[in-house]
Structure formats: structure tokens, C-alpha cells
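Input: a single structure, listed below in C-alpha cells.
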Amino acid sequence: MSDIDLFSHGVITPALAYVMSVLGSLIGLMMAGRARSVVGLSRLWWLAGAAFAVGGTGVWVMHFVAMLGVRVEGTPIRYDVALTVLSALVAIVAAGAGLACAFLGGGRLGALAGGGLVAGLGVAAAQHIALKAMTMAAEVTYNPVLLAVSVLVAVVAAVAVLRSALRARGALAVIGSALVAGLLLNAMHYAGMVSLDVRPVETHLALTGAQAVDFLLPLMVGVGLLTIGLLLAVFLSPSSHELREEAELEAMIASRRARNADWLS
């Protein structure tokens, strides 16, 4: 039996991890909704924000909030800084690639499936890199079946998020989609964690890397502040309904000007 304890703080860390995954998914879906209403560079910026919210907060912050509750009997846990940062970048880029694929494909089934596969595999890779960032005096092996299950869940979660990004309209639909996405993302995380088999070993070498409280918490606070900024951007920007009304008003004004010009001529 593995010596890893995933819930050393009880339900606090998994509950907080779920909240972060729902929050990231919710903001990402709201920004994707804005992206549906605009074109050109504006759409690109909204999709980039959605990728950061889903990949950065919904996946990466969720993972490391959950990791704050992980303990291994007989050894402290440190984190390689470079690999930890790399895992965040991979998660964000994977979410962005999936969104781009789905939007460029116009929501067609093939584009949605392809985007979900790219994003899901990328998110699973980000989690694997984050696990590799753990440094401890222990031998770590993986159960290939459970690891494959976590990858499959990641792809399913990605397809669900992308489908909602393209089709979810209205507050209830968006919130419901975010709640489901949070469940799937957490299921991916814990399926991957359960696949670990950790056996402490004796060593006289000093562990390298940063402690969670010294490195992860400040980094997660930074990502959290950026997420709040994205949320403010959503609330302060025109909604899809307002954009449609503005476009209709501009079209009506242009039509009247054209009629007046014809009458005067």
C-alpha cells in the first residue's frame, strides 16, 4: 500500500480545489461567451483570457491547492520551481489550443473532438509534469491503468468545457457547466494521484526545491489576483445581448441614413 496521504487536512483541500476549478471554469466560460460575440483581435484576447482562467486557475491552481493536503510519511515534499512553472504554462497553452481548435472549427463535431483531445492530453501532461516536480526521499511508481483513466477523464473534461464554451447561454447553463467541469477536473486530478505508489527510502542527500508554503502559495495568490482581474474584465465589458443590441442599433441608423440620402438625391 502506498504511503501517500492525499487528505492530510481532511476535506478542506479537496473542497477548496473544487471551488478553484469551478471558479476557473466559470470565468473561462464567461470569457468564451464574450468571444462568441466578437471577431478579429477582440476574439483572440477573450479566448486567451479564457485559456488562462481554465488552464491556470481551473486546472493548475486546483491541482496545487489539492497538493497542499498531500503528505508522505517519512519524507518532506519539495517542488522543483522550473517544472512547476512549466506545468502551469502547459496547462494554459493546452486550454488555449483546445479553444482555438473548437472555435476555428465552428463548433463542428470533429473540431470539438479534436480540440478536446488536444486540450485533454495537454492538461494530463501538465499534471504529470507537476507530479514530476515533486522532490522527496521516496520511490514513485505509477499504476498504468489508473493513469490511463486520469487521461481519459481529462479528455472528457476538455470536451465538456469546450462544448459549453461554444453553446452554453444564460447564467444557469454557464454555472451548471462550470460545476460539472469542476467535478471532472477534480476527478482527473485524484485519479492521477491514486495511480501513484510512493515508498519512502533512506537517503543522506538533502532535498532540493521549494516548500509549498514558500513557493506555491505566493504563486497561486498571483494567479488568483490575475483571475480576479479577468472576472472584472468580464463584468465591465458589454454582454453578448448588449453587443447584439448595439449592432442592431448601428444597422438601423445606417439604414435610415441611406434612405435619407436616397430621398435627398
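By numbering that gives the first Met the number 0, the letter at position 17 of the sequence shown is numbered 16, and the numbering carries on one by one without gaps.
We treat Cβ as the ideally placed atom computed from N, Cα and C, and that holds for glycine.
Computed from a predicted model, the values in this text were never measured in an experiment.
Proximity below 8 Å, CB of residue i to CB of residue j
| i | j | result |
| --- | --- | --- |
| A125 | S24 | no |
| A94 | T12 | no |
| G68 | S7 | yes |
| A132 | D79 | yes |
| V152 | A96 | no |
| L43 | L98 | no |
| A110 | A157 | no |
| V155 | L183 | yes |
| G121 | L165 | no |
| I91 | A123 | no |
| W59 | A81 | no |
Sequence-distant residues of its chain with Cβ nearer than 8 Å to residue i (five each side left out)
| i | result |
| --- | --- |
| E72 | D2, D4 and P199 |
| A16 | M61, H62, V64, A65, N185 and H188 |
| V212 | none |
| T202 | A136 |
For residue j and residue i, the rounded distance between their alpha carbons
| i | j | result |
| --- | --- | --- |
| G144 | V150 | Correcting the residue type first, residue 144 is Val in the shown sequence and not Gly. In a straight line, the C-alpha of V144 is about 10 Å away from that of V150. |
| S194 | L46 | 33 Å |
| L108 | G208 | 44 Å |
| A101 | A167 | 14 Å |
| I128 | Y141 | 14 Å |
| L178 | G39 | 30 Å |
| G169 | G175 | 10 Å |
| L231 | T56 | 15 Å |
| L224 | P217 | 11 Å |
| G9 | R70 | 12 Å |
| V139 | A112 | 33 Å |
| S41 | L103 | 15 Å |
| L130 | L171 | 35 Å |
| E241 | R35 | Note on E241: pLDDT 49, under 50, position unreliable in the model; no value is reported. |
Cβ-based neighbour list, residue i, same chain, cut-off 7 Å, excluding 5 preceding and 5 following
| i | result |
| --- | --- |
| A190 | L145, V148, S149 and V152 |
| A52 | G23, I26, G27, M30, T226 and L229 |
| V21 | A177, L178 and G181 |
| G115 | G97, V154, A157, V158 and L161 |
| Q210 | R77 |
| V89 | G121, A124, A125 and I128 |
| L85 | I128 |
Per DSSP, the bridge partner or partners of residue i
| i | result |
| --- | --- |
| E138 | R198 |
| D4 | R70 |
| R77 | T134 |
| A209 | Y78 |
Cutoff 6 Å; reference residue i; Cβ partners in own chain excluding five residues on either side
| i | result |
| --- | --- |
| M192 | L5 |
| L206 | R77 and T134 |
| V37 | none |
| A14 | none |
| G48 | M30 and L229 |
| V18 | none |
Whole-angstrom C-beta distance between residue j and residue i, which should lie under 8 Å
| i | j | result |
| --- | --- | --- |
| T74 | A137 | 5 Å |
| V173 | G32 | 7 Å |
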